[in-house]
Amino acid sequence: MKKKYMVLCAGLFAAMALTSCKSSESAYKKAYEKAKAQEAEQSANQPIQSDSDSTRVVTPLQTKPADQTTVMDNVDNATVRKENVTVVSGQGLKSFSVVVGSFSLKANAEGLQNTLKNAGYQAQVAYNSSRNMYRVIASTFDDKLSAVQSRNQFRAGNYPDAWLLFKE
24 MKKKYMVLCA
34 GLFAAMALTS
44 CKSSESAYKK
54 AYEKAKAQEA
64 EQSANQPIQS
74 DSDSTRVVTP
84 LQTKPADQTT
94 VMDNVDNATV
104 RKENVTVVSG
114 QGLKSFSVVV
124 GSFSLKANAE
134 GLQNTLKNAG
144 YQAQVAYNSS
154 RNMYRVIAST
164 FDDKLSAVQS
174 RNQFRAGNYP
184 DAWLLFKE
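Take any residue in the sequence shown, note its place counting from 1, add 23, and you have its number in this note's numbering.
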């Protein structure tokens, strides 16, 4: 009986202890609201300062028309992917090439190649054996500048994901 009484008292004590605690969240909320009210009261009581007392000097903006605009293509920062590829269909690759499509199926790569050829490009298909991918190359160049310019033209057109390939 004594044991039951002790357990009952411990349970009653625990229940009272847990229910008597108020959530600290409400205390934080009240403190936040009080601080906001004080801040609003302070800003309302501050006098508005007029700028009429002080003299300000404003320098007028002078614009000059540009005589010449030069847009430099940052060729050195152009990302180039180096891959060891073998030409499957086409005349051969130069150092830098513009890739407009990558396919795991050769038939899909040849389909895009035919589309590009019909549009007047000397498109080629190259195979990367390490990645098992067929790369559709729209144009190929000896220098990086020409390749970057060609890539930018393809990106502006129907191939926004065109990228540069450097043949290893």
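C-beta atoms are modelled at their ideal positions from N, C-alpha and C, and glycine is treated no differently.
Are Q123 and F177 close, meaning C-beta to C-beta below 7 Å? Per the sequence presented here, residue 123 reads as Val, with Gln not at that position. Against a cut-off of 7 Å, the Cβ pair of F177 and V123 comes out as a contact.
In whole angstroms, what is the alpha-carbon distance linking M156 and F164? Cα to Cα, the separation comes out at about 21 Å.
Neighbourhood of D166 by C-beta, 8 Å cutoff - its chain only, sequence neighbours within 5 removed: Contacts found: S118 and F119.
Same chain, Cβ closer than 7 Å to L49, five either side skipped, listed in chain order: The sequence shown places Ser at residue 49, rather than the Leu named in the question. Within the same chain, S49 has no close Cβ partners at all.
Would A146 pass as an interface residue toward chain D - the criterion being a Cβ-Cβ separation below 7 Å? Absence of chain D from the displayed structure is noted, only one protein chain being present.
K57 versus M39: straight-line alpha-carbon distance, rounded: So the two alpha carbons sit approximately 30 Å from each other.
Please identify the residue among A60, P183, Y182 and A170 whose C-alpha is closest to the C-alpha of L116. Nearest option by C-alpha distance: A170.
Under 6 Å Cβ to Cβ from Y51, same chain only, skipping five residues before and after it: list those, please. Hits under 6 Å: none found.
Would you kindly work out how many angstroms separate the C-alpha atoms of E106 and F126, rounded to a whole number? Rounded to whole angstroms, E106 to F126 spans 15 Å at the Cα level.
What residue does the alpha helix (DSSP H) around N107 start on, and which one ends it? From DSSP, N107 is part of no alpha helix (DSSP H); its letter is neither H nor E.
Quick one: is Q136 buried, meaning 16 or more other Cβ sit within 10 Å of its Cβ, or exposed? By the 10 Å Cβ count, Q136 comes out buried.
Only counting the same chain, and skipping five residues up and downstream in sequence, which positions put a Cβ closer than 6 Å to that of T109? Here the set comprises Y150.
What do you get for Y28, buried or exposed, if any count of 16 or more other CB atoms within 10 angstroms of its CB means buried? Exposed, because fewer than 16 other Cβ atoms sit within 10 Å of the Cβ of Y28.
Boundaries of the beta strand (DSSP E) in which N175 is found, first to last residue: For N175, no beta strand (DSSP E) segment is defined; the enclosing uninterrupted segment is the alpha helix (DSSP H) at K167 to A179.
Of the choices F36, P83 and S112, whose alpha-carbon is the least far from that of Q147? That would be S112, whose Cα lies nearest to the Cα of Q147.
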